[in-house]
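First up is the structure itself, then whatever we jot down about it.
Number of protein chains: 2
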Amino acid sequence: MAVYTEIDDDALVDFMSAYDVGEVLSCKGIAEGIENSNFLVTTTSGPFILTLYEKRVDAADLPFFLGYMDHLAGKGIPCPIPVKTRDGHDLRELSKRPAALITFLAGMWPKRPTAQHCGGVGEGLARLHLAGEDFDGTRANTLGVSSWRELLTSCDGHGDNDQATLQERLNKVLDTLESQWPSDLPSGLIHADLFPDNVFFRHGHLSGIIDFYFACADAYAYDIGICMNAWCFEADGSFNITKARRLLAEYQRVRPLSDDEIAHLPILCQGAAMRFLLTRLYDWVNTPADAFVTPKNPEEYIKKLEFHLSVKGPSSYGLDL
Amino acid sequence: MAVYTEIDDDALVDFMSAYDVGEVLSCKGIAEGIENSNFLVTTTSGPFILTLYEKRVDAADLPFFLGYMDHLAGKGIPCPIPVKTRDGHDLRELSKRPAALITFLAGMWPKRPTAQHCGGVGEGLARLHLAGEDFDGTRANTLGVSSWRELLTSCDGHGDNDQATLQERLNKVLDTLESQWPSDLPSGLIHADLFPDNVFFRHGHLSGIIDFYFACADAYAYDIGICMNAWCFEADGSFNITKARRLLAEYQRVRPLSDDEIAHLPILCQGAAMRFLLTRLYDWVNTPADAFVTPKNPEEYIKKLEFHLSVKGPSSYGLDL
Numbered sequence: 001m002a003v004y005t006e007i008d009d010d011a012l013v014d015f016m017s018a019y020d021v022g023e024v025l026s027c028k029g030i031a032e033g034i035e036n037s038n039f040l041v042t043t044t045s046g047p048f049i050l051t052l053y054e055k056r057v058d059a060a061d062l063p064f065f066l067g068y069m070d071h072l073a074g075k076g077i078p079c080p081i082p083v084k085t086r087d088g089h090d091l092r093e094l095s096k097r098p099a100a101l102i103t104f105l106a107g108m109w110p111k112r113p114t115a116q117h118c119g120g121v122g123e124g125l126a127r128l129h130l131a132g133e134d135f136d137g138t139r140a141n142t143l144g145v146s147s148w149r150e151l152l153t154s155c156d157g158h159g160d161n162d163q164a165t166l167q168e169r170l171n172k173v174l175d176t177l178e179s180q181w182p183s184d185l186p187s188g189l190i191h192a193d194l195f196p197d198n199v200f201f202r203h204g205h206l207s208g209i210i211d212f213y214f215a216c217a218d219a220y221a222y223d224i225g226i227c228m229n230a231w232c233f234e235a236d237g238s239f240n241i242t243k244a245r246r247l248l249a250e251y252q253r254v255r256p257l258s259d260d261e262i263a264h265l266p267i268l269c270q271g272a273a274m275r276f277l278l279t280r281l282y283d284w285v286n287t288p289a290d291a292f293v294t295p296k297n298p299e300e301y302i303k304k305l306e307f308h309l310s311v312k313g314p315s316s317y318g319l320d321l
Numbered sequence: 001m002a003v004y005t006e007i008d009d010d011a012l013v014d015f016m017s018a019y020d021v022g023e024v025l026s027c028k029g030i031a032e033g034i035e036n037s038n039f040l041v042t043t044t045s046g047p048f049i050l051t052l053y054e055k056r057v058d059a060a061d062l063p064f065f066l067g068y069m070d071h072l073a074g075k076g077i078p079c080p081i082p083v084k085t086r087d088g089h090d091l092r093e094l095s096k097r098p099a100a101l102i103t104f105l106a107g108m109w110p111k112r113p114t115a116q117h118c119g120g121v122g123e124g125l126a127r128l129h130l131a132g133e134d135f136d137g138t139r140a141n142t143l144g145v146s147s148w149r150e151l152l153t154s155c156d157g158h159g160d161n162d163q164a165t166l167q168e169r170l171n172k173v174l175d176t177l178e179s180q181w182p183s184d185l186p187s188g189l190i191h192a193d194l195f196p197d198n199v200f201f202r203h204g205h206l207s208g209i210i211d212f213y214f215a216c217a218d219a220y221a222y223d224i225g226i227c228m229n230a231w232c233f234e235a236d237g238s239f240n241i242t243k244a245r246r247l248l249a250e251y252q253r254v255r256p257l258s259d260d261e262i263a264h265l266p267i268l269c270q271g272a273a274m275r276f277l278l279t280r281l282y283d284w285v286n287t288p289a290d291a292f293v294t295p296k297n298p299e300e301y302i303k304k305l306e307f308h309l310s311v312k313g314p315s316s317y318g319l320d321l
């Protein structure tokens, strides 16, 4: 959860007057998104989400993110649409931050994802991949495989002996990931952060995908690996193959995986676990104890990585080969 | 800000189905209220506020708080109305917490209160006092003058030398407050926490009063003292007599103060400053460094208390005597 920046009420009314969205009725900071400040603004024409972009998002990337969302929405993906002012602008400034008003999506994110949710997210992810293919914009994955070594090194020397042992272990895993990482899988724009709190459901069906601020170009199957990590483990750390099977089956109903993608699923899942493990580890060792946002414990992703290192092959994810 | 408790999506849909409010469209934790978890729930019939009461609110007081809001709303005070289920219940349970659904109020709280806002709050406070007179319920002020000594003592020995000096000073002020505190001023139900973030405005006019979870029986003029502390000081700590004059004038247009109330304004303002100083000091010395909510620095209220101790009399608050 996060609300970092306060909005002056007069400044908000002034900001909102540039849009054709009626009169502002209220503005509440909401616990949605980790990187930015989000507000639910109700107007006489309904609810909207107002996002102020905080420093962890590179302002230069914002036109890409907003354009990508707009493009996806136009292709029928249920994602927020950046609202344009009467002058045609969607990226503006408020409280000295880049700011955008986006449409509100009905639905709730699943606190306890079921296999049905996993199926929905698999299908939604495949549709998102296809819908982005003709988008005229791109963004490099700044948290891709080539960034992981430096991220790991920057966690060095902050911890105790356990930490040193962990670093050593992760360095060895990274050696393998770097040498065996596939470079010619089908690629395009991926969400890259499709965790349960970024997916809304209504009556059991996917009704919204939000938070596109990690979207970038990478292998589609790597995005599946991110989702498998985020959706298919239970709270006790165990892997739920039924959920994975549903996720993969529903994905493939829309976009069948190539043999090459399937063969690489284990290493892609390892990499996805490594990526979230490393950013969490980085925040864990670098966040001051009195910080506003409590960092997520990397432990969960250490266990997930170990699982993916232990699998026999793609069949361990529920694929009938 | 505060969202302490997570709500399961299925449990929410089940909970909401007991009301005639349409279908749930979304539920967002909002940064409103310090003591409880608040959610903005949008349904097909509009927005509502769902409050889960956390441990700092005594569950035994909840029927009083909800009944009082319902009563005030019936008298035209723009406060949230507890929504009743089809079976007539307004106090229920969700996520193992007492829970209530209340109506949503349009408006925004003023981040930079002006004299006009202060006038609005003065008038609103007087109307609230009058509207509560025939409410058939009451609640003792557990944070009234008789509680302050124990609160101060419980902050003992947690701090350094500065803290010890402060405690000594506050004990002396308390001696005076206890011996001179008025006991026969006009009394009734007061809001007792009418800070800017609990008052919404729209087009410059008061449109909502929220957060009644400190409401209790006490002297009406003490509630004015709380508002003077909360609304009439500038960010640099200086007292703005123009704002105080407006607040008092608009209050008196609705409910004129007696000579006795006016004469006691300085000590009531001192007491109000002491009450917030003490709870902030208590939280300050007792909150672990890694706590979720950052406690408010008591320093602001030490300065306010010193101001009220320095005034010559009621005329210092802008009253023409």
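These protein sequence lines are chains A and B, in that order.
So in our numbering, the last one in the first sequence is 321, and the numbering has no gaps at all.
So in our numbering, the last one in the second sequence is 321, and the numbering has no gaps at all.
C-beta: ideal position from N, C-alpha, C; glycine also.
Review point. Does any residue of chain B bring its CB to less than 8 Å from the CB of Asp-9/A?
Key: yes
Review point. In three-state DSSP terms, what is Glu-54/A?
Key: coil
Point to revise | Beta-carbon proximity of Asp-223/A to Ala-249/A, cut-off 8 Å | key: no
Check your understanding: Could you give the uninterrupted runs of the alpha helix (DSSP H) lying entirely in the region 47-111 of chain B, keeping only those of 4 residues or more?
Key -> 62-74
Practice item. Ignore the nearest five residues each way along the sequence and tell me which others in Gly-137/A's own chain have a CB closer than 7 Å to its CB. Key: Phe-64, Gly-67 and Tyr-68
Exercise for review: Work out the CA separation of Glu-300/A and Pro-110/A for me, nearest whole Å.
Suggested key: 19 Å
Check your understanding: Of the residues His-129/B, Leu-94/B and Ala-99/B, which one's Cα is nearest the Cα of Pro-82/B?
Key -> Ala-99/B
Point to revise | Which residues DSSP lists as bridging Phe-239/B, in chain order | key: Phe-233/B
Point to revise | At least 3 beta-carbon pairs within less than 8 Å: the region 177-189 of chain A vs the region 205-220 of chain A | key: yes
Check your understanding: Would DSSP call Asn-38/B helix, strand or coil?
Key -> strand
Practice item. Taking only beta-carbon positions, decide if Ala-73/A is within less than 8 Å of chain B. Key: no
Check your understanding: Residues in its own chain within less than 6 Å of Thr-51/A by CB, not counting five upstream and five downstream?
Key -> Asn-36, Asn-38 and Ala-100
Check your understanding: Are any of the Cβ atoms in chain A nearer than 8 Å to that of Leu-52/B?
Key -> no
Check your understanding: Where does Arg-246/B land, buried or exposed, given buried means 16+ other C-beta within 10 angstroms?
Key -> buried
Check your understanding: For the candidate residues Gly-144/A, Asn-161/A, His-71/A and Leu-94/A, whose alpha-carbon lies nearest to that of Arg-127/A?
Key -> His-71/A
**Study point:** Minimum C-alpha distance to Leu-259/A - residue among Pro-182/A, Ala-235/A and Phe-233/A
**Key:** Residue 259/A is actually Asp in this sequence, not Leu. That would be Pro-182/A, whose Cα lies nearest to the Cα of Asp-259/A.
Exercise for review: Would you verify that the beta carbon of Ser-26/B is, or is not, closer than 8 Å to some beta carbon of chain A?
Suggested key: yes
Check your understanding: Considering only C-alpha positions, which residue in the set Arg-149/A, Thr-165/A, Asp-134/A and His-203/A is nearest to Ser-179/A?
Key -> Arg-149/A
Review point. Would you say Ile-241/B and Ala-272/B are within 8 Å of each other, going by their C-beta atoms?
Key: no
Check your understanding: Can a CB atom of chain B be found closer than 8 Å to the CB of Pro-47/A?
Key -> yes
Point to revise | Sequence-distant residues of the same chain with beta carbon closer than 8 Å to Leu-174/B, five excluded per side | key: Trp-148, Arg-149, Leu-152 and Met-274
Review point. Which same chain residues, not among the five before or five after Leu-321/A, have their C-beta less than 6 Å away from its C-beta?
Key: Ser-315
**Study point:** chain A contact for Ala-106/B (CB, 8 Å cutoff)
**Key:** yes
Review point. What alpha helix (DSSP H) runs, 4 residues minimum, are completely inside the region 2-33 of chain A?
Key: 9-16
Check your understanding: When the Cα atoms are used, what is the spatial distance from Val-21/B to Thr-43/B?
Key -> 7 Å
Exercise for review: Name, please, each residue of chain A whose Cβ falls closer than 8 Å to the Cβ of Ala-31/B.
Suggested key: Val-3, Lys-28, Gly-29, Ile-30 and Ala-31
Practice item. Give the single residue among Thr-103/A, Leu-94/A and Ala-60/A whose Cα lies nearest to the Cα of Phe-79/A. Key: It should be pointed out that residue 79/A corresponds to Cys in this sequence rather than to Phe. Closest option to Cys-79/A, Cα to Cα, is Thr-103/A.
Point to revise | Three-state class that DSSP yields for Phe-307/B in the structure shown | key: helix
Review point. Whose Cβ in chain B lies nearer than 8 Å to the Cβ of Leu-194/A?
Key: By Cβ distance, chain B contributes nothing, its closest Cβ being about 17 Å from Leu-194/A, past 8 Å.
Exercise for review: Grab me the residues of Lys-303/B's own chain with a C-beta within less than 6 Å of its C-beta, minus the 5 sequence neighbours each way, in chain order.
Suggested key: Gly-237
Point to revise | Val-173/A, enclosing alpha helix (DSSP H) - first and last residue | key: 161-180
**Study point:** Alpha carbon of Met-16/B to alpha carbon of Ser-95/B, nearest angstrom
**Key:** 13 Å
**Study point:** Candidates Cys-216/A, Pro-196/A and Cys-118/A: closest to Arg-139/A by CA position
**Key:** Cys-216/A
Review point. Does the region 108-123 of chain B come close enough to the region 192-210 of chain B that 3 or more CB-CB pairs lie under 8 Å?
Key: yes
Exercise for review: Please report how far the alpha carbon of Met-1/A lies from the alpha carbon of Ala-31/A, in whole angstroms.
Suggested key: Only weak support is given to the placement of Met-1/A: the predicted model assigns it a pLDDT of 44, under 50, and the value that follows is read from those uncertain coordinates. Distance between the alpha carbons of Met-1/A and Ala-31/A: 4 Å.
**Study point:** Between the CA atoms of Leu-277/A and Thr-287/A - distance to the nearest angstrom
**Key:** 15 Å
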